[in-house]
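Trainee: The structure's right below; bear with me while I get my questions together.
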Amino acid sequence: MDLTLGREESAEKVKAKASLPTARGHFSACCTPTLPEPGLNQDSWVLSPAPQPRAPDPHTEAMEPVCLVEPVPSSGTLRVNPAALGLLRGLTRPLHVLAVFGPRGTGKSFLMDQLAGQGEGFPCSPGIWVWCLPHPTQPDQALVLLDTEGFPEQEGDKTQLSRLFLLNVLLSSVLVYNTRSEGDPQRQLDRLTYVRDLPRLVQVLDECSWENSFLLSSVLPNFVWCLRDVAPDPCLDEMLEATGHELDSALSSPQDLEDSPSSCIQRLFPCRKLFCFCSPRADGGHGEPPSPADQLHPTFQEQMGRFKDYALSRSPKTVVGNRVVDGTFLADFLERVVDLLSRDKPVLLSEICNDLQEGDDYSVGYPTDTTGDAPPRRAAASAAQPSVPDPKRECVVPLQMSQPALPVLAQAAPGTAQPGAMEEPMCLIENRPGRELQLNQRALSLLQSFRQPVVVVAIAGLYRTGKSYLLNRLASKDQGGFSLGATVQSHTKGIWMWCLPHPRRACHTLVLLDTEGLGDVEKGDTKNDAWIFALAVLLSSTLVYNSLGTINQCALEQLHYVTELTEHIKVKAAGEGGRQEGEDSAEFLRFFPAFVWAVRDFTLQLELDGREITEDEYLENGLKLKPGSSQRAQLYNLPRECIRQFFPARKCFVFIQPAGRRDLPRLEELQEDELEPEFSEQVARFCHHIWETSKPKTIPGGHVVTGAMLGNLAMTYVDTIRSGAVPCMESAVLALAQIENSAAVGEAVAVYEEQLARQVVVLLPTESVPELLELHAQCEREALRAFMARTFKDDDRSFQGELMHRLEEQKQELYRRNELASSDRCTAILLELSDEMEDQIGQRVYLVPGGYQHFQNDRQQMVERYRQVPGKGIKAEEVLQEFLQSKEAVAQTILQTDQALTEKEKETAAERARAEMAEREQEVLKQKEAELQQKLEDQDRSYQENLRQLEEKLEDERKKLLEEQGKMMDQKLKEQEALLREGFREEARRLENEIRGLQQQNEEIQKPSWIQSALGTLGDVASLVLPGFVGKAAGVVTNLVRRLF
892 MDLTLGREES
902 AEKVKAKASL
912 PTARGHFSAC
922 CTPTLPEPGL
932 NQDSWVLSPA
942 PQPRAPDPHT
952 EAMEPVCLVE
962 PVPSSGTLRV
972 NPAALGLLRG
982 LTRPLHVLAV
992 FGPRGTGKSF
1002 LMDQLAGQGE
1012 GFPCSPGIWV
1022 WCLPHPTQPD
1032 QALVLLDTEG
1042 FPEQEGDKTQ
1052 LSRLFLLNVL
1062 LSSVLVYNTR
1072 SEGDPQRQLD
1082 RLTYVRDLPR
1092 LVQVLDECSW
1102 ENSFLLSSVL
1112 PNFVWCLRDV
1122 APDPCLDEML
1132 EATGHELDSA
1142 LSSPQDLEDS
1152 PSSCIQRLFP
1162 CRKLFCFCSP
1172 RADGGHGEPP
1182 SPADQLHPTF
1192 QEQMGRFKDY
1202 ALSRSPKTVV
1212 GNRVVDGTFL
1222 ADFLERVVDL
1232 LSRDKPVLLS
1242 EICNDLQEGD
1252 DYSVGYPTDT
1262 TGDAPPRRAA
1272 ASAAQPSVPD
1282 PKRECVVPLQ
1292 MSQPALPVLA
1302 QAAPGTAQPG
1312 AMEEPMCLIE
1322 NRPGRELQLN
1332 QRALSLLQSF
1342 RQPVVVVAIA
1352 GLYRTGKSYL
1362 LNRLASKDQG
1372 GFSLGATVQS
1382 HTKGIWMWCL
1392 PHPRRACHTL
1402 VLLDTEGLGD
1412 VEKGDTKNDA
1422 WIFALAVLLS
1432 STLVYNSLGT
1442 INQCALEQLH
1452 YVTELTEHIK
1462 VKAAGEGGRQ
1472 EGEDSAEFLR
1482 FFPAFVWAVR
1492 DFTLQLELDG
1502 REITEDEYLE
1512 NGLKLKPGSS
1522 QRAQLYNLPR
1532 ECIRQFFPAR
1542 KCFVFIQPAG
1552 RRDLPRLEEL
1562 QEDELEPEFS
1572 EQVARFCHHI
1582 WETSKPKTIP
1592 GGHVVTGAML
1602 GNLAMTYVDT
1612 IRSGAVPCME
1622 SAVLALAQIE
1632 NSAAVGEAVA
1642 VYEEQLARQV
1652 VVLLPTESVP
1662 ELLELHAQCE
1672 REALRAFMAR
1682 TFKDDDRSFQ
1692 GELMHRLEEQ
1702 KQELYRRNEL
1712 ASSDRCTAIL
1722 LELSDEMEDQ
1732 IGQRVYLVPG
1742 GYQHFQNDRQ
1752 QMVERYRQVP
1762 GKGIKAEEVL
1772 QEFLQSKEAV
1782 AQTILQTDQA
1792 LTEKEKETAA
1802 ERARAEMAER
1812 EQEVLKQKEA
1822 ELQQKLEDQD
1832 RSYQENLRQL
1842 EEKLEDERKK
1852 LLEEQGKMMD
1862 QKLKEQEALL
1872 REGFREEARR
1882 LENEIRGLQQ
1892 QNEEIQKPSW
1902 IQSALGTLGD
1912 VASLVLPGFV
1922 GKAAGVVTNL
1932 VRRLF
């Protein structure tokens, strides 16, 4: 018998099959067999489904699709339907918004109707239509479907269609581009020319003067290309399944034109997928899709299932700042966008979102409260929801748009999340006269977009000493870059930032920070100078101090800011501010950068006592202490002691004057051959040292800082200063850890889902639970690696516990999907195999003497053939048992009407059938018990994997911490040796105490308990988040405690 499910059948048989339960396995509960009475024809043999009423959701199910945005042909305008906005505002849950766009006649509306689970819903009408429904898999979300009129084959109103496409992009979380497969598929993709207008029409940041494509990629929806009516192509199907339906893998060679639609899609949309569909018609033909009464092609159903699984599993709609939105926010957002287009204004996403957030409280996810306690605005919107559409408001959308802004950011490579280099610096921390320090939000957002490790070089020093010139050379810029100025006035205000690819370290970003000149006489109020210097210290991995002339007492007195660091920075969170008790210089060393002193316009000979010395020896000679305890000696020694204690890793470079005095004002314009050769050589050595030796910015424990983390640190420090408090490095790191650990959980779950998506379509249903658990274990392993690579200071293991809980939920969902896939397949096979028996039952073939034995033989043959079919999955026996049980009433009727059997034989046969049924039930029960035991064992495996990777991470952290401690000890021993050589025994004894403290810390770190206590904490957490693990976790913790003592 043919096992395919696409055979031609009569309408009566199709309807009979449709009444059978599919994909759930609850035969006896859903259907009640009805036997024909004598004299009735075969058509009276039907299965009557039991009614299953369900109360509709008044906010979603009650509504039909309505027009949301409609074009007015006579005026070329767009108008928004207030009635549709009212319906949107009634949705209080997070929204999952799917929009479809594409050419006419490609079945877009049919595709969306399939997503809605309806036969027909969307009309073929102009504009954008909206349909609000309950989310089929996420009960805490609402599903919003947007269907847009198709664009014509010939050139139409491109401006109008471009606006409609823009609205689809901005409103959706998943954008579906739907086309037919006609000729070269990539030509169909390149018909989406409207995508080229996105960077011109939409900007993320206000007054954004750089190319903002990479910023757009962080807020645009997932892009899904649905290619319809594709001829069977096993190679294409295999490739798509292997790559997780990645669109890029199916495209031909890269486009020659950078602005081709396919190139724009690759550059702008962060996630790009391709799903291919055969003809939906059962006969494989083309033309109109079948009506709901017709049977869809089985392959199309499978393809639609994969597409629905992906499309409906994406995250809810978010806006700038990764903020989830509800119906009220989306409605207001739509009104603002259409209003901006009507006034020939660019769409500035950050401005719109900030205005909407400030103008109302959009709290998402609260339950609908019928008692009147809901937020006033949303309650009012719900109460005012019109039953009859109000007159539509017309918003004029002119034909011309504003020109794009000039770019100052180099374009990122297509398909990468890492932005390119900034082509010019921008202010990161503003210091305006009479105002507090303030972060520039545009610069902060840009810095946070860099996900690579950062090497941060900051330069500080007196104003008008040539700081900016050195940074421009570090950026390999002879002209342009940081502004130099050519007068005695300070030119740099606040702290300016320039992010560039590191010239020596691959996959690293070089961040140059140019600080406002210290001691500017025109400022009058210099209270922010100390904070500027402190921020340069806190944010950098290498601090360059720039001064003129020589390293003498005057130069050191001008560096008095270093003596005030302990008043403006504290290490520990305890206390009210300033240097806390027990905070020695070793604590500051964990946070402070390497120190480079650049001495400009140096005119002396590097000689000491008649011998030539190096620049470093010159610096160390200038930092020698003066013996004695007088006030004068203390004042002399104070800046030197601070530099020696806080910056043990020191380097010095001296530079002669770069050119003649007349040429200095135009230093930025001078060519290399116009500079003094010795100066050029000195600058080259300086740049080489910074590029080669400057380390990535780290925090205690050796955790490397990325651009996003650096931005969060800057925000924490500046906010603390603005509040009047003293920045605490420990508190800033802990706050950063909360942000990064939370992001690490999200990233790990995303890795799990990505790994799973590559295999689950091919593997489900699995033949056994262990096979499924092995798939989960592989994905979990990769997710844990991603989490461990990013997390730090998760001392209570709360974030790892959250990840364990999230992955356990993912596993339960995988169980459900696997069982559903198995149940669907088994049901389909049984329905196909039982076709002939159903026909014979309808024809009363078995209602004759000896018919029961005939029925038994046919049923046994069907069961044997069912068991021979591969790939049924773990629900094979359970679905078979339910199927046979649902047919038992039919079997008993045939048995009782068989006149060839005596009453005794009938009783014996009935008893045998009951025994066989009980035996099958017992086998199913044993299988379920075995599966439960396997699931419990997998929880132990999951815990052991978490334990193993945590132990590896802790060992790595211990190694880095010991290396950090070792470097600090070496530096202190070197300083102690210098103090003894100079005769300062008291200071050397103080350092001895600090060195002894570091040695004690090393001993504690090297003890087994340093790791075992953390593993014990994980056991406690696992007992809370893994059901069924309590006893095992308690035993693990008990054993660990015993080992500790």
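Converting from the sequence shown to our numbering requires adding 891 to each position, the first position being numbered 1. The beta-carbon is built from N, C-alpha and C at its ideal position, and this holds for glycine as well. As the structure is a computational prediction, the values presented were derived from the model and not from experiment.
Measure the beta-carbon distance from C1023 to L1055 and round it to whole angstroms, keeping in mind my assumption that it falls under 8 Å.
Mentor: At roughly 19 Å, the Cβ-Cβ gap does not stay under 8 Å, so C1023 and L1055 are not in contact.
Trainee: Are the beta-carbon atoms of L1909 and L1838 separated by less than 8 Å?
Mentor: A contact, by the Cβ cut-off of 8 Å.
Trainee: To which residues does DSSP link T968 through a beta bridge?
Mentor: BP columns for T968 point to V963.
Trainee: Buried or exposed: S1633, going by 16 or more other Cβ atoms within 10 Å of its Cβ?
Mentor: Exposed, because fewer than 16 other Cβ atoms sit within 10 Å of the Cβ of S1633.
Trainee: Where does P1661 sit, in a helix, a strand or coil, going by DSSP?
Mentor: Note: P1661 maps to helix in three-state DSSP.
Trainee: Measuring CA to CA, which of V1428, D1726, I1765, P1591 is closest to R1707?
Mentor: When only C-alpha atoms are compared, the closest one is I1765.
Trainee: In angstroms with no decimal places, state the Cα-to-Cα distance between F1480 and G1598.
Mentor: This sequence places Leu at residue 1480; Phe is not what is there. About 22 Å.
Trainee: Counting only beta-carbon separations shorter than 8 Å, does F1570 have a partner in chain B?
Mentor: Included in the structure is just one protein chain, with no chain B present.
Trainee: Let me confirm a value: S1438 is counted as buried when at least 16 other C-beta atoms fall within 10 Å, else exposed. Which label applies?
Mentor: Flag for S1438 reads buried.
Trainee: Between which two residues does the alpha helix (DSSP H) holding C1717 run?
Mentor: C1717 -> alpha helix (DSSP H) spans 1689 to 1724.
Trainee: Span of the alpha helix (DSSP H) holding P1076?
Mentor: First-last of the alpha helix (DSSP H) with P1076: 1076 to 1080.
Trainee: Spatial neighbours of E1693 within its chain, please: C-beta separation below 6 Å, excluding the five flanking residues on both sides.
Mentor: Excluding sequence neighbours, E1693 sits near V1636.
Trainee: Can you list, in chain order, the residues of its chain whose CB lies under 6 Å from that of S1063, leaving out five sequence neighbours each side?
Mentor: The answer, listed in chain order, is V988, A990, P1112.
Trainee: Pick out whichever of P1344, G1888, V1067 has its Cα sitting closest to the Cα of R1119.
Mentor: Of P1344, G1888, V1067, the residue nearest in Cα terms is V1067.
Trainee: For the region 1382 to 1442, which segments carrying the beta strand (DSSP E) assignment without a break, of at least 3 residues, lie completely within its bounds, in sequence order?
Mentor: Runs of the beta strand (DSSP E) inside the region 1382 to 1442: 1386 to 1392, 1400 to 1406, 1433 to 1439.
Trainee: Check whether the region 1447 to 1464 touches the region 1397 to 1407, taking contact to mean three or more Cβ pairs, one atom from each stretch, closer than 8 Å.
Mentor: As far as the Cβ criterion goes, the region 1447 to 1464 does not touch the region 1397 to 1407, which means the pair count is below three.
Trainee: Since I believe L1434 is in contact with F1486 (beta carbons under 8 Å), could you give me their beta-carbon distance rounded to a whole number of angstroms?
Mentor: Right, the Cβ-Cβ distance comes to about 6 Å (below 8 Å), so this counts as a contact.
Trainee: Whose C-alpha, out of E1779, C1445, L1404, L1655, is nearest the C-alpha of V1428?
Mentor: Among E1779, C1445, L1404, L1655, the Cα nearest to that of V1428 is on L1404.
Trainee: Which residues mark the beginning and the end of the alpha helix (DSSP H) in which C1117 is found?
Mentor: Run containing C1117: none in the alpha helix (DSSP H); it sits in the beta strand (DSSP E), 1113 to 1119.
Trainee: Relative to the alpha-carbon of Q1094, which residue among R984, Q1194, P1237 has its alpha-carbon at the smallest distance?
Mentor: For the residues R984, Q1194, P1237, the minimum Cα distance to Q1094 belongs to P1237.
Trainee: Would you tell me roughly how many angstroms separate the C-alpha atoms of H1667 and E1822, rounded to the nearest one?
Mentor: The straight-line gap from Cα to Cα measures roughly 15 Å.
Trainee: Nearest to F1546 by alpha carbon, out of R1576, R1697, I1732?
Mentor: For F1546, the nearest C-alpha among the options comes from R1576.
Trainee: If we count the other Cβ atoms within 10 Å of its Cβ and call it buried at 16 or more, is E1773 buried or exposed?
Mentor: E1773 comes out buried.
Trainee: Quick check: the Cα distance between T1190 and V1912, rounded to an integer number of angstroms?
Mentor: When rounded, the distance between both Cα atoms is 45 Å.
Trainee: I'd like the span of the alpha helix (DSSP H) that includes A1575, first residue to last.
Mentor: Here the alpha helix (DSSP H) through A1575 covers 1568 to 1584.
Trainee: Taking just the CA atoms, how far does F1114 sit from P1161?
Mentor: Using only the alpha carbons, I get a separation of about 8 Å.
Trainee: As an exercise, report each continuous alpha helix (DSSP H) stretch of at least 4 residues that is fully enclosed by the region 1461 to 1535, in chain order.
Mentor: Here the runs fully enclosed are 1476 to 1480, 1506 to 1513.
Trainee: When you compare the CB positions of L1353 and Q1449, do they come within less than 8 Å of one another, or not?
Mentor: Yes, these two residues count as a Cβ contact at 8 Å.
Trainee: Taking its Cβ as the centre, do 16 or more other Cβ atoms sit within 10 Å of S1521, making it buried, or is it exposed?
Mentor: Classification of S1521: exposed, given that the 10 Å Cβ count is below 16.
Trainee: Would you mind stating whether P1392 and G1874 have Cβ atoms separated by less than 8 Å?
Mentor: No, Cβ-Cβ distance for P1392 and G1874 is not below 8 Å.
Trainee: For Q1444, tell me which candidate among W1116, R1531, D1831 has the shortest Cα-Cα distance.
Mentor: Among W1116, R1531, D1831, the Cα nearest to that of Q1444 belongs to R1531.
Trainee: Run through the DSSP bridge pairs and tell me what M1317 is partnered with.
Mentor: According to DSSP, which records beta bridges pairwise, M1317 is partnered with M1388.
Trainee: Just how far apart, CA to CA, sit R980 and L1036?
Mentor: Between R980 and L1036, the C-alpha separation is close to 15 Å.
Trainee: Under 8 Å Cβ to Cβ from L1319, same chain only, skipping five residues before and after it: list those, please.
Mentor: Cβ neighbours of L1319 beyond the five flanking positions: L1330, N1331, A1334, L1335, L1338, G1385, I1386, W1387, M1388, L1404, A1605.
Trainee: Please state whether the Cβ-Cβ distance between I1581 and L1365 is less than 8 Å.
Mentor: Yes.
Trainee: Kindly indicate the opening and closing residues of the beta strand (DSSP E) around L986.
Mentor: Counting along the chain, the beta strand (DSSP E) containing L986 begins and ends at 986 to 992.
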